[in-house]
Structures are given as C-alpha cells and as structure tokens.
Amino acid sequence: NMRLATLTTSLLASATFPRSTIAFRSTTSQSSPKLFQFGSKFSSTTRVFMGDNKVALLDCPSIKLHDGTKHPAIGFGTYKVGFVPASASSVVADSAATNTIERTAKECVGDALDCGYRFLECAEFYGNEHQVGEAIAASGVPREELFLCSKVWTTTIEKGPAAVRAQLEKTLQDLGTDYIDLYLIHWPVPGKHVEAYQTLEELQKEGKIRGLGVSNYAWEDYVELKEATTVKPLVNQIEINPFLYRKNTIDNFTKDGVVLQSYRSLRDGKAFSDPTLVKIAAAHGKTTAQVLGRWCVQHGFVYVPKSVKKERMVENAKVFDFELTEEEMAVLDTLTTPETIQTFEGLYRKCVNRDTSKDGTMDGVKMKITLD
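Quick note: the sequence shown uses this note's numbering, first residue 292, plus one each step.
In structure tokens:
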C-alpha cells in the first residue's frame, strides 16, 4: 500500500493536464487591451483534485494595466448580493418591490471563491463588504491570490477628504486586508470628484491603495479629472454589453490606456431570450449568458458577472473555451439602439448627484457629454 501510494503521487506530480485556453481574435480594435495567459500557481497534484471549471477560473487570462498590473479578465460582482441598497434602481422604480434576499453575501461570495473566482468587485454602496470579508476569511484563500476592488460612494465623496479616508479604512477593515488592489470613484460627483481622487492619490502613496480608477465617468469627466491630477486612472467601470455599446467613449478611454471594466455584462438577464443571442448561442452549444460574457472578453473588457446561484456562477465563467466569429461580433456590436443611449443619458444625469444634498437636481451636472 505504501509503495502504491508513493507511485501514485509520483505519477500525479509528473503528469501534465490540459490548460484553460483563450482564443483572442482580431475582432477587437488595434488599441484594445491584450489578454495574457499565465501559468497556474497550482501544482499538477493539486490541480487533479479540482474540477475543470475551477481550474479554468484559477488559470483565467489577465489584462495588463498601464502601470504593469495584471488584472484578471473575469471577476465576481457583489452588487445586490445579500443586501439591496435603499436607492437601488429597482427599489426606486418599484416602491412596492420587496427585493427578497435569497442568500447572504457571505454564502454567495464563499461559493464564488470555491468556484475559482479571485477578483471580487465591491463597493461602499453595496452595503455588504463586511460579509465579503467574512467569506474571504472563511475560504482560506491567501490574500496574495485575490484581486480586490472597491468604490467610494457619492455621499462620502461629497463630505470631503476626511470622509474618503475614513471610508477606505472601513473598507479595509471590513474586507480584512491592509491594502486594496483597486479603489475607484463610484460616480463623478460635480465639484467634488476631483478632490476625492486627489485624496486617493495621497492614500496610494501611503501604500493603502495599489491602483486608482474611476467608475461611470463620461469622457468629459475624465478630461476634467486628468487636468487636475497626476496619477492616471487604471480603469473606468461602466455598463457595457451589446445593448449599450458606446463605442466612441470606449475607444477614447482605450486609446488613452484606460481599461474598461464592464458591469451589467449580462444585462441583468433581461436579454437572454433575444433572438440574435439565441441563434449565436445555439451555433456554439453555449448559453446566451456565455455569449454575452464572451463578447466582453473578446473585446478586451474586464467581465464582471454576478449571481446568487452557484450553478450560474459556474456557467457565467465558461467563456474561455470558445470564440465568436468576426461576423458574430459585428452583429452583436449593432444591437445598441438610440433609445438605450437616451436611457443611459437620463441615468447619468440622475446618478452623479444621487444620494447627495443635490439629489434630484441638475446642479453641476454636465449636460453635454459623449453619449455613444
């Protein structure tokens, strides 16, 4: 028995196992971020006891940011996971909605980590960072294997530098870490967001933040910020999917070296029955969710799906074993309508002052921005 165990261990250690692969075609623009495939941190012996799906996530490609940081190409979003903010769009749209919490954030994030997700997308506004931290602690996943991103909310931004500092300390405490990989300005609060970002620059010098970024910035917000700061944002997190593909805006940021993180990558499931998606999914033997995710990956955007169901977490991550044709990408690129652009404009105008003392007003809001 001892000889058999030794022989088995030897064979496992010397074996080679299939790697997850990424096919990155020329369906993106010349300036799109490139995806890199890196070797796994795990030995062959360890990998054999993992499922193929987990290995694929642990071996997922990375996108190189302009400071050299390797950003995982896929992450797990934690918005409305275990907690629904009072000013969430769904709550505001339907005051009678109960927004029932199916599972806690600790349970969901624990499942995501078990599936192999290592990039966690968090925020002050999400109201669940303490549970995310509990899930991380319970998982046993080493801090160095994680890529943690958080965002500071509008109310804190409005209060000024001291509040921004205090919130970062709370986020670090809640997540159980002494540094954050990426820290973003959640919305470009008029007259306040530049000062908040300058505070983040100071915190970066102090070693509490590795990388800085922004979220929901129009190109004009970015230009305003860039003129008054010294550290260029690494990322801009905005809604991106085939039904809201603002190509001119995306191209502007990409050409300036800013990587796009995509939220609502799956459009909250509202487009899963779209005939174009259904047809493409059938051609590849994939789900419509996987087609949406693959579209993001193939364009070079950071893909951030979220679900409270473990089986969906696994499904959403299966986007690295197939590729869309140039024709399919081109068709998906045309699904954005004037109506969705108009909806985006209204949301932008509403949200830059959201929850602040100027909520509900157009005070300071940029009325002319690059919409497409």
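Ideal Cβ placement from N, Cα and C applies to all residues, glycine included.
Spatial neighbours of residue i in its chain, beta-carbon cut-off 6 Å, leaving aside the 5 residues before and after
i	result
K561	none
A426	K397, V400 and G401
G330	Bear in mind that the predicted position of G330 carries a pLDDT of just 38, short of 50, making it unreliable; the figure below should be weighed with that in mind. Closer than 6 Å at Cβ, skipping near neighbours: no residue.
W444	E415, F416 and H477
Q581	K609 and V610
K649	none
Which listed residue (the options) has its alpha carbon closest to that of residue i
i	options	result
K523	S598, I476, R537 and S564	I476
K345	A403, H421 and E493	A403
G651	L638, T661, L662 and D663	L638
D663	E530, K609 and S441	E530
V485	K461, L473, G498 and K450	K450
R434	T446, Y470, H421 and A457	Y470
N532	F367, E493 and L568	L568
R681	Y408, M620 and F534	It is not possible to answer for residue 681, since the shown part of the chain is limited to 292 through 663.
H362	D559, G498 and Q552	Q552
Q633	F534, R501 and F410	F534
T647	D358, S378, G548 and H357	S378
I571	G591, F635, C413 and T616	T616
Classification of residue i by the beta-carbon crowding that lies within 10 angstroms, buried from 16 upward
i	result
V514	exposed
D565	buried
D512	buried
D472	buried
N539	exposed
Q422	buried
Q458	buried
Q464	exposed
T579	buried
R338	Low per-residue confidence applies at R338: pLDDT is 43, beneath 50, and the placement is therefore not dependable enough to give any value.
Y554	buried
G576	exposed
T428	According to the sequence provided, residue 428 is Ala. The question's Thr does not apply to it. Exposed.
Proximity test, Cβ basis, 8 Å: residue i and chain D
i	result
V346	The structure shown contains no chain D; it holds only a single protein chain.
7 Å Cβ shell around residue i - same chain, five flanking residues per side excluded
i	result
A364	L326, C351, P352, S353, I354, V588, V593 and Y594
V656	P481, R640, V643 and N644
V599	V372, E393, R394 and C399
Cα-Cα separation between residue i and residue j, rounded to whole angstroms
i	j	result
L466	E618	43 Å
K659	E436	42 Å
R645	P479	10 Å
L626	E606	23 Å
E630	R640	16 Å
T395	T468	21 Å
V622	A454	46 Å
D654	N507	18 Å
T521	K371	34 Å
L348	D612	11 Å
V505	R537	17 Å
T389	C440	For T389, the predicted structure reports a pLDDT of 49, less than 50, and the residue's modelled location is therefore unreliable. A value from the coordinates is still provided. Between T389 and C440, the C-alpha separation is close to 28 Å.
L583	S556	7 Å
I448	E460	14 Å
G407	E602	13 Å
K483	L516	11 Å
L525	G431	29 Å
M604	P596	8 Å
Residue i Cβ short of 7 Å to the ligand ZN heavy atom set
i	result
P433	No copy of the ligand ZN occurs in the structure displayed, which carries no ligand at all.
Presumed contact (8 Å Cβ cut-off) between residue i and residue j, rounded CB distance
i	j	result
E683	T462	Outside the displayed range of the chain (292 to 663) lies residue 683, so it cannot be described from this structure.
G418	F374	4 Å
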